[in-house]
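What follows is a single structure, written as structure tokens, with notes after it.
Number of protein chains: 2
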Amino acid sequence: MSGRRRGPSTTRQQILEAAREVFADRGVDGTTREIAQRAGVDPAMIAHYFGSKGGLFQAVTALQIDPADVIAPVLDADASDAARQLLTALVRTWDAHASVLSAVVRSATRNTVLAGQVRTFVLERAVRPVVTRFSPDDRIDTRAALLASQITGLVLTRYILRWEPLASADPDWVVDHIAPTVQGYLTGPLPDSPAGR
Amino acid sequence: MSGRRRGPSTTRQQILEAAREVFADRGVDGTTREIAQRAGVDPAMIAHYFGSKGGLFQAVTALQIDPADVIAPVLDADASDAARQLLTALVRTWDAHASVLSAVVRSATRNTVLAGQVRTFVLERAVRPVVTRFSPDDRIDTRAALLASQITGLVLTRYILRWEPLASADPDWVVDHIAPTVQGYLTGPLPDSPAGR
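If you're matching them up, the sequences are chains A and B in order.
As numbered in numbering that gives the first Met the number 0, residues 0 to 196 make up the first sequence, in order.
As numbered in numbering that gives the first Met the number 0, residues 0 to 196 make up the second sequence, in order.
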């Protein structure tokens with residue numbers, strides 16, 4: 000740790016780097032104490048800069064991925080190609096950042112605050128804009144939830160539970176096999192449903 | 000705790016009851032020490048009867064649900080109705096045991112041993128038999144993984160992340176909206192895919 004500067008912005012950066020490593024290794028089980036130790040800073044600095052471990056988690060993720068960047072090419076796609084573009088963006092992004100993203104999902108399943116942040120991050124900033132862009136009707140909430148159910152399940156099966164052949168399949172294979180479902184949820188007919196929930 | 004018998008089978012039962020409560024409250028974060036305390040037994044008894052917390056978890060789940068029972072009516076369905084029957088069985092079972100099953104999923108996302116047990120439980124004892132029964136071709140592994148991706152995502156979205164409108168929707172609504180996807184993965188055409196993975 001010798002030679003590291005201790006100015007405010009450097010401290011913040013050190014915490015982020017340490018947190019990225021610790022979260023990637025151990026998910027949210029990595030403690031703030033452990034992160035502070037690896038960063039060579041006082042644990043109080045984590046509260047100072049990030050408020051909580053959840054805030055730090057979000058900062059670490061946001062550091063690497065902005066949902067708006069990921070979905071930008073999707074929003075430019077033809078409606079008939081939207082599902083393929085969305086899945087391609089998802090799989091490429093996840094393949095490139097698998098360890099941190101998998102840690103986020105693991106943690107969100109048992110931390111309700113983080114689950115809310117993931118919902119905001121994924122649903123509001125990625126899924127909903129895509130659905131709003133391509134939906135042929137006003138059933139945005141329904142289409143978004145259906146889309147989320149397939150996409151989160153793909154993530155869970157491929158990256159977390161690692162079920163074959165999905166876990167090792169090429170991105171193209173994944174897109175070929177899942178796109179029809181996603182396209183249906185985005186632009187296909189939905190069943191008439193009482194109460195329209 | 001006074002008046003409780005300490006015979007072997009009673010001890011086992013006390014541990015199971017305590018574990019069911021603790022796991023439902025806190026997922027796998029519930030410690031063996033906590034479970035032993037609630038059961039009024041020595042923690043060593045948990046190791047004695049169940050080997051590990053993972054073994055205990057599996058016993059708690061198996062106590063309530065046998066996948067073979069859940070899928071029995073599905074295996075008797077017409078092929079064209081298989082997806083609706085499978086989803087109905089899944090949603091009814093989960094709605095009735097939501098707290099323990101959600102705890103299992105939360106824990107499986109961060110415990111690789113438990114994830115393996117869930118894979119066996121879900122994939123080998125529920126998904127694969129259904130796919131084997133209804134698949135029109137020999138692409139059992141592919142259909143099973145695709146089916147798992149939609150079913151696990153439904154579970155994650157409805158029960159764990161609790162995204163609306165899926166979280167509060169009636170079982171019939173869920174079946175109506177997800178069954179076409181599940182039916183497609185079970186019996187529909189699959190894309191030709193290099194390497195057939």
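Built from N, CA and C at the ideal position, the CB exists for glycine as well.
Using the Cβ count rule (16 or more neighbours within 10 Å means buried), how would you classify residue i?
i: Thr30/A; result: exposed
i: Ser134/B; result: buried
i: Gly50/B; result: exposed
i: Ser106/A; result: buried
i: Pro164/B; result: buried
i: Gly83/B; result: One detail in the question is off: residue 83/B reads as Arg in this sequence, not Gly. Arg83/B should be labelled buried.
i: Arg79/A; result: Just to set this straight, residue 79/A is Ser in the shown sequence, not Arg. Result: exposed.
i: Ala76/A; result: buried
i: Ile218/B; result: Because chain B spans 0 through 196 in this model, residue 218/B falls outside it and cannot be assessed.
i: Thr151/B; result: buried
Considering only the alpha carbon of each residue, which of the options lies closest to residue i?
i: Pro66/A; options: Thr180/A, Ala38/A, Val117/A, Thr156/A; result: Val117/A
i: Asp169/B; options: Pro179/B, Thr180/B, Arg157/B; result: Arg157/B
i: Thr92/A; options: Arg11/A, Arg161/A, Leu160/A, Val154/A; result: Val154/A
i: Pro72/B; options: Val103/B, Asp140/B, Val129/B; result: Val129/B
i: Ile64/B; options: Ala76/B, Asp191/B, Arg124/B, Pro188/B; result: Arg124/B
i: Phe120/A; options: Gly187/A, Gln57/A, Asp24/A; result: Gln57/A
i: Asp68/A; options: Val126/A, Gly187/A, Trp162/A, Asp171/A; result: Val126/A
i: Ser101/B; options: Tyr48/B, Gly187/B, Asp24/B; result: Asp24/B
Taking 7 Å as the CB-CB limit, is residue i close to chain A?
i: Pro66/B; result: no
i: Asp140/B; result: yes
i: His176/B; result: yes
i: Thr92/B; result: no
i: Gln149/B; result: yes
i: Leu146/B; result: no
i: Gly53/B; result: no
i: Thr156/B; result: yes
i: Leu74/B; result: no
i: Leu153/B; result: yes
i: Thr180/B; result: yes
i: Ala114/B; result: yes
i: Leu89/B; result: no
Ignore the nearest five residues each way along the sequence and tell me which others in residue i's own chain have a CB closer than 7 Å to its CB.
i: Tyr184/A; result: Arg142, Leu145, Leu146, Gln149
i: Leu86/A; result: Val173, Val174, Ile177, Ala178, Val181
If I measure Cβ to Cβ from residue i and keep anything under 8 Å in the same chain, skipping five residues before and after, which residues do I get?
i: Val266/A; result: In the structure as shown, chain A begins at 0 and stops at 196. Residue 266/A is therefore absent and cannot be evaluated.
i: Leu74/B; result: Pro128, Val129, Arg132
Between residue i and chain B, is the shortest Cβ-Cβ distance under 7 Å, so that the two count as touching?
i: Pro164/A; result: yes
i: Pro188/A; result: no
i: Thr60/A; result: no
i: Ser1/A; result: Bear in mind that a pLDDT of 43 at Ser1/A, under 50, signals an unreliable position, so the number given afterwards is only what the model happens to contain. No, Ser1/A does not count as interfacial toward chain B.
i: Leu86/A; result: no
i: Leu185/A; result: no
i: Arg196/A; result: Unreliable positioning characterises Arg196/A in this predicted model, as indicated by a pLDDT of 41, which lies under 50. A coordinate reading is not provided.
i: Leu100/A; result: no
Here's a check: name, in chain order, each residue in its chain whose Cβ is nearer than 6 Å to the Cβ of residue i, leaving out the five neighbours to either side.
i: Ala166/A; result: Arg157
i: Val103/B; result: Thr60
i: Thr10/A; result: Val40, Met44
i: Pro42/A; result: Thr31, Arg32, Ala35
i: Lys52/B; result: Thr31
i: Val90/A; result: Pro170, Val173
Measure how close the beta-carbons of residue i and residue j come, nearest whole angstrom, since I'm counting them as under 8 Å.
i: Ile70/B; j: Ala88/B; result: 6 Å
i: Ala114/B; j: Leu189/A; result: Not quite, the Cβ-Cβ distance comes to about 33 Å (not below 8 Å), so this is no contact.
i: Ala38/B; j: Gln13/B; result: 4 Å
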